[in-house]
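Worksheet for the structure shown next.
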Ligand code: GDP
Ligand code: GDP
């Protein structure tokens, strides 16, 4: 039996698609994180915490009424009024802002606007982005009077809030709602979790067709533009008029060996590459987030001359959290050509840093001359195929019988937690629902064990998989 349900429960896998980006901007300590948490806290559909990966709460989906957006915390970005206005930092900031559908500019209502606030307000006005001035720390009527100075910033509308206590946040949400496009409305979906029982495989997501959407991400100078130029130079460019392809000129569609692809956000990468490379990497992350949001497969480009860094793991972590398939390309392999020892070290360092996702494969390439690019595409294809793969319910349940035999679930109050029935609820990424008693008693180690067993049995190399343990509904 299937039911339609309006609100999605936490942990429901996000779909490939694009939600408008709402950037939260402001000086350090004005309360951005507090506000962020308040807005997403109640309704966030964020993925499970995975121990072992430290990551900033950089972004999260938030539902405002029946519209969904992606809130991006731009962190402690501070506009430097003393610095040259046309530095790369400002340019990168502008690029990041261009991608936002809406900017929440947060200031501290208890102090007069600083020169940094004024400069940021100028920048926002010049950028012409729809913005809301969020005057925070207005905890009561008394602070309202203190906050009058903020009107001089010239950003409208203005809303006075207390992120800490929740005061005014509903008003803010109304303003946000009104400024999000109609396309942000959440499309009602079949509720996958209810779809247990026979015949679940007739799901509406069968046979995903259309091009494979690929995002090429990596730190500045990793070789993203070079790789894109090489790929597009070799291939016949297609006009973007097939269904499922954005018509945006920012993407590049092409065919390669009989398969169709779209490289998402190629325009953004090329534009950015002309910009001086100074500036906070956090802002660069916004572009990556946007590309990740729109793709099926992420290609993380590493510079073999530079090695792998925590930042690479972080951004790949975002992709994995988002449920995207992923492949690593070790670019500039020519720089380590013939140096066995360095190559080995590089592979090992990559493995270490990306240990949270050992199912990701890496291919050495040389973006400049195209060496290795065929192999890279083979990995992209394979990852995509796994990302869209379904396994039969029969085989899945046989595997669960084995799991229960070999490693019974833990006890709860003297009785074992029972696993009743498993189905694959969806693809992109493959998502499983296990009906059980007392899901809260299944600890991380057991969940990981089940996850490893599923991978052992069915593969899924190159794609994250999700397993939701659900309390079995009682009859009646
Ligand atoms: P961020 O650096 O902009 O992300 O700021 P945080 O969210 O970390 O907040 C900085 C400090 O301001 C923390 O101590 C918060 O508890 C405090 N704060 C945030 N919102 C409010 C508020 O609405 N009222 C008051 N009084 N304090 C707040
Ligand atoms: P992006 O910032 O990630 O877009 O990087 P670019 O594509 O602009 O490349 C940065 C620099 O690395 C440029 O000077 C490229 O010529 C160089 N580069 C890119 N790919 C390769 C490669 O495969 N081998 C070598 N040796 N240099 C490369």
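In this note's numbering, the protein residues as written are 366 to 841. A virtual CB, placed ideally from N, CA and C, is assigned to each residue, including glycine. Everything numeric in this text was worked out from a predicted model, so none of it was measured.
> Fully enclosed by the region 503 to 531, which beta strand (DSSP E) runs are 3 residues long or longer?
Replying inline: 523 to 525
> Across which residues does DSSP place residue 833 in a beta bridge pair?
Replying inline: 798
>> Can you give me the C-alpha to C-alpha distance between residue 833 and residue 784, rounded to a whole angstrom?
In response: 12 Å
>> Measuring straight from C-alpha to C-alpha, what distance separates residue 491 and residue 405?
In response: 29 Å
> Where do the ends of the alpha helix (DSSP H) carrying residue 778 lie?
Replying inline: Element bounds for residue 778: n/a, residue is neither H nor E.
>> Mapping the DSSP letters down to three states, classify residue 686 as helix, strand or coil.
In response: helix
>> Judging by CA-CA distance, which residue of 502, 794, 435 and 627 is the nearest neighbour of residue 688?
In response: 794
> From 768, 621, 576 and 694, pick the residue whose C-alpha is nearest to that of residue 672; which is it?
Replying inline: 694
>> Quick check: does the Cβ of residue 741 come within less than 6 Å of any heavy atom belonging to ligand 2?
In response: no
> Looking only at C-alpha atoms, which of 527, 474, 497 and 549 sits nearest to residue 426?
Replying inline: 549
>> Restricting to Cα atoms, I'd like to know which of 686, 653, 397 and 726 is closest to residue 589.
In response: 653
> Of the residues 778, 700, 628 and 575, which one's Cα is nearest the Cα of residue 750?
Replying inline: 575
>> Quick check on DSSP: helix, strand or coil for residue 426?
In response: strand
> Anyone know if the C-beta pair for residue 578 and residue 660 falls short of 7 Å?
Replying inline: yes
> Buried or exposed: where does residue 387 fall if 16 or more other Cβ atoms within 10 Å of its Cβ makes it buried?
Replying inline: buried
> Is it the case that the Cβ atoms of residue 745 and residue 792 are separated by a distance below 7 Å?
Replying inline: no
> Hey, how far is the Cα of residue 484 from the Cα of residue 585?
Replying inline: 26 Å
> Secondary structure at residue 821, three-state DSSP: helix, strand or coil?
Replying inline: helix
>> Assuming residue 811 and residue 777 are in contact, meaning their beta carbons sit under 8 Å apart, how far apart are those beta carbons, in whole angstroms?
In response: Rounded, the Cβ-Cβ distance is 12 Å, inconsistent with contact.
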